[in-house]
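For the working numbering, count along the sequence shown from 1 and bump the result up by 91.
For each residue, glycine too, the CB sits at the ideal point set by N, CA and C.
Down below is the structure, laid out as structure tokens.
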Amino acid sequence: MAVKTQSYYVPAQSPWPIVGAVGLFLLASGAGMWAAGIAGIWGPVVFGAGTLVMTFMLFGWFGNVIDEAHSGLYSEQMDRSFRQGMSWFIFSEVMFFGAFFGALFYARVLAVPWLGGAGNNAMTHEVLWPEFNPVWPLVLTPGGIETTAMGWFGLPLVNTIILLSSSVTVHLAHLALLREQRARLKQWLGGTVLLGALFLGLQAWEYVHAYRDLGLRLDSGIYGNTFFLLTGFHGAHVTLGTLMLFIMWLRVNKGHFTPAQHFGFQASSWYWHFVDVVWLCLFVFVYIL
């Protein structure tokens, strides 16, 4: 007896991948020029253009996927593919941040003690940097740039509480969706978006405080490098997660999602929980230890 298999929907050619590639290129180019202080005003302009292109791409690509879902083109097999794809995407992001945490580990546990003369490196210490004090965080660079470490109390602690709270609110939104409580779903999901926006606003304030009051900059040696790279890339991921949840909120207000079919919402919540876990690691290893 022949086994009936489900048809697998293959989407038509899409312009969104190349649009996304252009947006990422503009973001990276603009950020590089901006951080390096070259090309004048063009760094922020190119970065802003990349942000607009990426936002346009996300809304357009999400719109296509939503239209396909509401047209009945997806099967259970397609749903499994979406889940596998999102799982592998989050795994790749884990590896992405793992590389930066690995660099932080190498600098703190291996490179700094080595420069301080640990082990059999006393001669290296005397030749390269006799005045070096191997205590993390390094607030003095070989070039004489002095900075102040960012403490964990204050804005970082407040932002940690905000992100932990947002994980609770997005979970409550998911429970409301499963129980078909649409009003609570809108409230909890909208609250999560507001908490994400508040986190980003406070992080921008923290950066202003770091540059203006602490002298902590991207060129402040290995400490400044790792601080801004880790927190900056995390902020970029929070921005993307907030945008995704905002789109989910718009869909909820249009009556989308049911307790049985809501993977778009679920994938966004997975991603949000991921950025929350990354921030907890950042808070411990970058701010406290």
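Three-state secondary structure (DSSP) of residue i
| i | result |
| --- | --- |
| L231 | strand |
| E271 | coil |
| W179 | helix |
| M92 | Residue confidence is low: M92 scores 43 on pLDDT, short of 50, so the model does not pin down where it sits. Its coordinate-derived value is still stated next. Correct three-state label for M92: coil. |
| W125 | helix |
| Q357 | helix |
| Y99 | coil |
| Q352 | coil |
| A209 | coil |
Backbone CA spacing between residue i and residue j [nearest angstrom]
| i | j | result |
| --- | --- | --- |
| L293 | A301 | 12 Å |
| G111 | M148 | 6 Å |
| K277 | V284 | 11 Å |
| M48 | N155 | Outside the modelled stretch of the chain, which goes from 92 to 380, sits residue 48, for which no answer is possible. |
| F223 | P135 | 36 Å |
| A198 | Y314 | 9 Å |
| G332 | G235 | 39 Å |
| Q175 | G139 | 32 Å |
| L373 | P228 | 14 Å |
| L115 | N211 | 45 Å |
| Y165 | S183 | 25 Å |
| T96 | L143 | Unreliable placement is indicated for T96, whose pLDDT of 49 sits below 50; the coordinate value is still reported in the next sentence. Each residue's alpha carbon lies about 42 Å from the other. |
| P350 | Y100 | 23 Å |
| F386 | I379 | Not covered by the structure: residue 386. The range shown for the chain is 92 to 380. |
| A267 | W279 | 8 Å |
| S172 | T146 | 25 Å |
| E217 | G208 | 8 Å |
| G131 | E237 | 26 Å |
Residue burial classification, residue i (beta-carbon count within 10 angstroms, cutoff 16)
| i | result |
| --- | --- |
| D158 | exposed |
| M92 | Its pLDDT being 43, under 50, M92 is placed unreliably by the model, and the measurement read from it follows with that caveat. Result: exposed. |
| N344 | exposed |
| S105 | exposed |
| N250 | buried |
| L286 | buried |
| G312 | buried |
| A358 | buried |
| G326 | buried |
| M214 | exposed |
Integer Cβ distance of residue i from residue j, believed to fall under 8 Å
| i | j | result |
| --- | --- | --- |
| L307 | F318 | 7 Å |
| L219 | L201 | The Cβ separation is near 15 Å, so there is no contact. |
| F290 | V329 | 6 Å |
| S162 | V137 | Their Cβ separation, rounded to whole angstroms, is 37 Å, which puts S162 and V137 out of contact at 8 Å. |
| F192 | F324 | No, F192 and F324 are not in contact; Cβ-Cβ is about 11 Å, not under 8 Å. |
| M335 | Y362 | 6 Å |
Cross-strand partners of residue i (DSSP beta bridge)
| i | result |
| --- | --- |
| E237 | L231 |
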